[in-house]
Amino acid sequence: METTRLIIVAVGGQGNLLASKVLGEAALIAGVPVRMSEIHGMAQRGGVVESAIVFGEAQSSIISDGEADILLGFEPAETLRAIKRCSKNTQVITNTAPVPPFTVSVGLGTYPDVEEIKKLIKAKTAGLVAIDAMALAREAGSPMSVNIVLLGALLQTGALGFARDVVEEAIKRRVKPAFLDVNLKAFDLGFTAAANA
Amino acid sequence: MHKLLQDSPGEKIMLLGNEAIARGAVEAGVAFATTYPGTPSSEISLNLFQMSRETDLYFEYSTNEKVALEVAAAAANSGLRTFCMMKHVGINVAADPLMTLAYVGVTAGMVILSADDPAMFSSQNEQDNRYYAKFGGLPMLEPSSVAEAKDMIKAAFDLSETLKQPVLLRTTTRINHSNAFVTFGEITPRKTKGHFVRDPQRCVTVPAVSRGLHVKLLEKLQKAGQLSETSAFNLIQGEGPLGIIANGVSFYYAADAVKDLGLEDRAKILRMGFSNPMPEKMIKDFLAGCERVLVVEEGEPFMEEAVKAFAQEVGIVIPIKGKSDDLFSRLFEYDPAMVREKMAAFFNVAYTPGPAVDTSDIPEIPMRPPNLCSGCSHRATFYEIKQAAKDMDVICPTDIGCYTLGFLPPLSTGDFVICMGSSVSSSCGFSKATDQKVVSFIGDSTFFHSGITGLVNAVFNNHNFTLVILENDITAMTGHQPHPGVDMELFGLSGHGRINIEKLVRALGVQHVSVIKPFKVQKSIDTIKEALAFKGVSVIISQEPCALYTKSLKLKTARPFVVSSKCVDHKDCITTIACPSFYLDADNRVAIDANTCVGCAVCAQICPENAIRPLKK
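Here the protein sequences come in this chain order: A and B. So for the first sequence, this note's numbering puts the first residue at 511; every next one is plus one. So for the second sequence, this note's numbering puts the first residue at 541; every next one is plus one.
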């Protein structure tokens, strides 16, 4: 497999670490080398969290600005903030449901218009798939499954080169049995929604 | 069974770097482990703690890093394989025992792990702890990957036993917090009961003994240098006249860059994994085959300066560069593109970086700084202190923990912090050097770590300030580890003592001690005012368990609040306490997110209209 560099940006608590672990497990099943890097600690107190996942032969475990092949954003403003990690060849997948930062609530900033966010990302990258992952997660049965909805959308784009059943198997291995059905449904809803996005 | 205890050699599993390190320690037969938690090292100890509950591995959360190292030093001198881990600045706290333990040595393998944090993701500085190895005369190993970290731990124990010296293992955040596949190895059986053999000529460091020990230390260091020459951790990859010397994660950035720039036939990389003492002969031979040499190392020019000195000794005058204005910086962490670009420039290879995305038309995106959690008791305490002291000119020394975030607006409480425990001692200085009122903040775990000595000093020297001890019953910031004031029954463990902070503070001779329950706002403000009025040392203990921890243990049922129609839109709640459960609804009016509100009721007590009410079920 050619080296594929994927960045996930999210807000603390959105489950990006589980999403990374599922993709890591998928790489193991598919026999693809993988290295992942994540940020813990104070950054998790409601701040931005980022995972970098490098699939293939490159040995570094972090991704430089401008070098992500795929950007998976769990929150639209954070996806836009991470645009510097992209090039014109980057495939972007984003959730369109905002999690407004607290600075907006206290009047220290204005949340950008989501349509404007989509327009900007589309103009600067190879492609954008934008879905309301929160609505789909609720439909699947839990707002906590936003992360898996977005993995479904990621798989639909084909940017990662994994077969769908590989990722579903990885979900089975990584998700607690009690939440498995919800997450498999979430994955399917994301996968289908991205086809029509 | 804990996943890291599985006796299944050959099994491939995805592990966090810190899990791999914990597994490596288990495979090495570690019997005794001590720590004080600190990011990015915390998951190593967390996993060892969990495993100790299922096995005869001894693990303890020690009061601070100095204590942890001293406890460990005794075990390693009683014949037990011992592992002591901490974050980089923890080594500063442990530096006193470290420097002389280097003289004394050990009788069984001892590994001391320093988790450095280039770029300061979760730290107050980015000091480069390779210098501690040089400073103390101790061998140091540095892994470049997660899988290697696991194997290196085992090798470090063997090396320690060969030299009868503690071995430093230095990681960086990008090792600790990376995930990769690791293959399980055999688990060496643990030897869990030791025996101390008296050896005062080695273990009692009076001057006459230490003079001899320093001689022995240098002999051991010389032997370590010979081992470094042949160590598999110091390896050369590739060949050609262009030389690269790299360590840690920089090695892989450099290896990727060599490939990306098409330099495979022209460049060779010396990877330094056994980095103190450096393999002098190996480096001199490497330099002899190079036209120019690039040193790729995050942090300080530790290898670069040594390599230049070696070159001078053998009269090699080729360009050797690393840190300089036009190459690498001593600041922050490196990344693959940066290394590629600098390497291309230094070796004069054509390289055009990919076109950057034009960000000139990107609108300003509101910042998302970290914030105290919904229902965090620290928020209430900071608010109450601000109210009680609103007419005073106050200096607020603070300390290291979640509550450091109190310095952010709108709480804006926190004026000075340099290290663990500094809130108390710096208050002593501020109160003498100025006429300003001093109110300082320290968490319970940090108070046990290194706040007590400062308080003793304050009482003895009759200083004048108010210390607020934020007693939330856990070490919250690093992921809910216990501390000496915690009820260990909550962890399902019996037989632990428990130190009562109020009794301790009274016993130290503090004249004015009060306890507040910070969710009772007015009562707390009244009590704080009395403490502030006291001349001398006063201590306020603010007692309320960490909201996140309470939630994870399901100790309390959340009882969310709601903004009622009585609200006249002062927005006092949102602008003064900034709880993340507040948001502005479609009509730009304050609302509360019932999913995250835990029902601390602080906002309800602040609202002048009594408009914030419990949500009816």
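For glycine and all other residues, C-beta sits at the position ideal for the given N, C-alpha and C.
Taking only runs that begin and end inside the region 740 to 791 of chain B, name each unbroken alpha helix (DSSP H) of 4 or more residues, in chain order.
Counting only runs of 4 or more, we get 740 to 743 and 747 to 770.
Going along the chain, which residues of its own chain have a beta-carbon closer than 8 Å to the beta-carbon of LYS594 of chain A, five neighbours each way excluded?
Excluding sequence positions up to five before and after LYS594 of chain A, its CB lies within less than 8 Å of the CB of ASP575 and GLY576, all in the same chain and listed in chain order.
Work out the CA separation of THR711 of chain B and VAL544 of chain A for me, nearest whole Å.
Taking the straight line joining both Cα atoms gives about 20 Å.
Verify the CB distance criterion: does LYS576 of chain A have a CB-CB separation below 9 Å to chain B?
According to the sequence displayed, residue 576 of chain A carries Gly and not Lys. So yes, GLY576 of chain A belongs to the interface.
Spatial neighbours of ASP805 of chain B in its chain, beta-carbon cut-off 7 Å, leaving aside the 5 residues before and after:
Excluding the 5 residues flanking it on each side, ASP805 of chain B has same chain C-beta neighbours closer than 7 Å at GLY780, in chain order.
Can you say whether THR620 of chain A is buried or exposed, counting buried as having 16 or more other CB atoms within 10 angstroms of its CB?
With fewer than 16 Cβ atoms within 10 Å of its Cβ, THR620 of chain A is classed as exposed.
Indicate the three-state DSSP secondary structure (helix, strand or coil) for CYS959 of chain B in the structure shown.
Reduced to three states, the DSSP call for CYS959 of chain B is coil.
Which of helix, strand or coil does DSSP assign to PHE661 of chain B?
Three-state DSSP puts PHE661 of chain B in coil, outside helix and strand.
Which residues in the same chain have their Cβ closer than 7 Å to the Cβ of ALA568 of chain A, if we skip the five residues on either side of it in sequence?
For ALA568 of chain A, where only same-chain residues beyond five positions count, the Cβ hits under 7 Å are THR513.
Does CYS913 of chain B come within less than 9 Å of chain A when only Cβ atoms are used?
Chain A, which has a Cβ nearer than 9 Å to the Cβ of CYS913 of chain B, makes this yes.
Output the residue ranges of the beta strand (DSSP E) runs that lie fully inside the region 577 to 638 of chain B and measure 3 residues or longer, sorted by chain position.
Listed in chain order, the beta strand (DSSP E) runs fully inside the region 577 to 638 of chain B are 598 to 601 and 622 to 627, counting runs of at least 3 residues.
For chain A, check one thing: does any of its Cβ atoms lie closer than 9 Å to the Cβ of SER685 of chain B?
Residue contact check for SER685 of chain B against chain A: a CB pair falls below 9 Å.
Between GLU904 of chain B and chain A, is the shortest Cβ-Cβ distance under 9 Å, so that the two count as touching?
Answer yes: the Cβ-Cβ gap between GLU904 of chain B and chain A drops below 9 Å somewhere.
For SER482 of chain B, which of B:MET554, B:GLU610, B:SER654 and B:LYS733 has the nearest alpha-carbon?
Limits of chain B in this structure are 541 at one end and 1157 at the other, which puts residue 482 of chain B out of reach.
Identify which residue in A:ASP675, A:PHE612 and A:ARG515 has its Cα closest to the Cα of GLY557 of chain A.
GLY557 of chain A has its Cα closest to that of A:PHE612, out of A:ASP675, A:PHE612 and A:ARG515.
Can you tell me whether DSSP reads GLY677 of chain B as helix, strand or coil?
In this structure, GLY677 of chain B counts as coil in the three-state DSSP scheme.
Counting Cβ pairs closer than 8 Å, one from the region 692 to 707 of chain B and one from the region 563 to 571 of chain B, do we hit at least three?
Between the region 692 to 707 of chain B and the region 563 to 571 of chain B there are three or more inter-stretch CB-CB distances shorter than 8 Å, so the stretches are counted as touching.
With 16 as the cutoff for other CB atoms within 10 Å, does PHE589 of chain B come out buried or exposed?
With 16 or more Cβ atoms within 10 Å of its Cβ, PHE589 of chain B is classed as buried.
I need the boundaries of the beta strand (DSSP E) containing HIS1052 of chain B, first residue and last residue.
HIS1052 of chain B -> beta strand (DSSP E) spans 1052 to 1056.
Comparing C-alpha positions only, which one of B:MET907, B:PHE947 and B:ALA612 sits nearest to TYR923 of chain B?
Closest by alpha carbon: B:PHE947.
If you draw a straight line from the C-alpha of ALA851 of chain B to the C-alpha of GLY862 of chain B, how long is it?
Rounded to whole angstroms, ALA851 of chain B to GLY862 of chain B spans 14 Å at the Cα level.
With DSSP as the reference, label ASP1160 of chain B as helix, strand or coil.
Given that chain B is displayed from residue 541 to residue 1157, the structure contains no residue 1160 of chain B and the question cannot be resolved.
Residues near VAL639 of chain B in its chain [Cβ-Cβ closer than 6 Å; skip 5 each side]:
The sequence given here has Met at residue 639 of chain B, not Val. GLY676, listed in sequence order.
Nearest-angstrom Cα distance between LYS799 of chain B and PRO580 of chain B?
LYS799 of chain B and PRO580 of chain B have their C-alpha atoms spaced approximately 30 Å apart.
Roughly how far, in whole angstroms, is the beta-carbon of ALA689 of chain B from the beta-carbon of GLY564 of chain B, given that I think they are within contact range, below 8 Å?
Yes, they are in contact, since the Cβ atoms of ALA689 of chain B and GLY564 of chain B sit about 7 Å apart, within 8 Å.
Got a sec, what are the start and stop residues for the alpha helix (DSSP H) TYR923 of chain B sits in?
Its alpha helix (DSSP H) spans residues 917 to 928.
Residues near SER582 of chain B by beta carbon distance below 6 Å, same chain, minus five either side:
Excluding sequence neighbours, SER582 of chain B sits near THR1018 and GLY1019.
For PRO687 of chain A, which residues in chain B fall below 7 Å Cβ to Cβ?
Per Cβ cutoff of 7 Å: no residues; PRO687 of chain A is ~16 Å from chain B at best.
I need the DSSP call for MET878 of chain B, collapsed to helix, strand or coil.
Reduced to three states, the DSSP call for MET878 of chain B is helix.
Compare the beta carbon distance of GLU626 of chain A and ILE539 of chain A with 9 Å and say whether it is the shorter of the two.
It is not a contact, given that the beta carbons lie outside the stated cut-off.
Taking LEU801 of chain B as the reference, give the member of B:PHE1005, B:ALA885 and B:GLU831 with the closest Cα.
In terms of CA proximity to LEU801 of chain B, B:ALA885 leads the group B:PHE1005, B:ALA885 and B:GLU831.
Residues sharing a beta bridge with TYR1123 of chain B, DSSP:
As DSSP reads the structure, TYR1123 of chain B sits in a beta bridge with B:ALA1131.
Bridge partner(s) assigned by DSSP for ILE652 of chain B:
Paired residues: B:CYS624 and B:LEU708.
For MET843 of chain B, the nearest candidate out of B:ASP1027, B:GLY855, B:PRO950 and B:ARG811 (CA to CA)
Selection B:ASP1027, B:GLY855, B:PRO950 and B:ARG811 evaluated against MET843 of chain B yields B:ARG811 as nearest (Cα-Cα).
Have a look at ILE631 of chain A and SER864 of chain B and give me their C-alpha separation to the nearest angstrom.
ILE631 of chain A and SER864 of chain B: Cα-Cα distance of roughly 37 Å.
Nearest residue (CA-CA) to MET680 of chain B, options B:ASN774, B:PRO1154, B:VAL1077 and B:HIS1052:
Ranking B:ASN774, B:PRO1154, B:VAL1077 and B:HIS1052 by Cα distance to MET680 of chain B puts B:ASN774 first.
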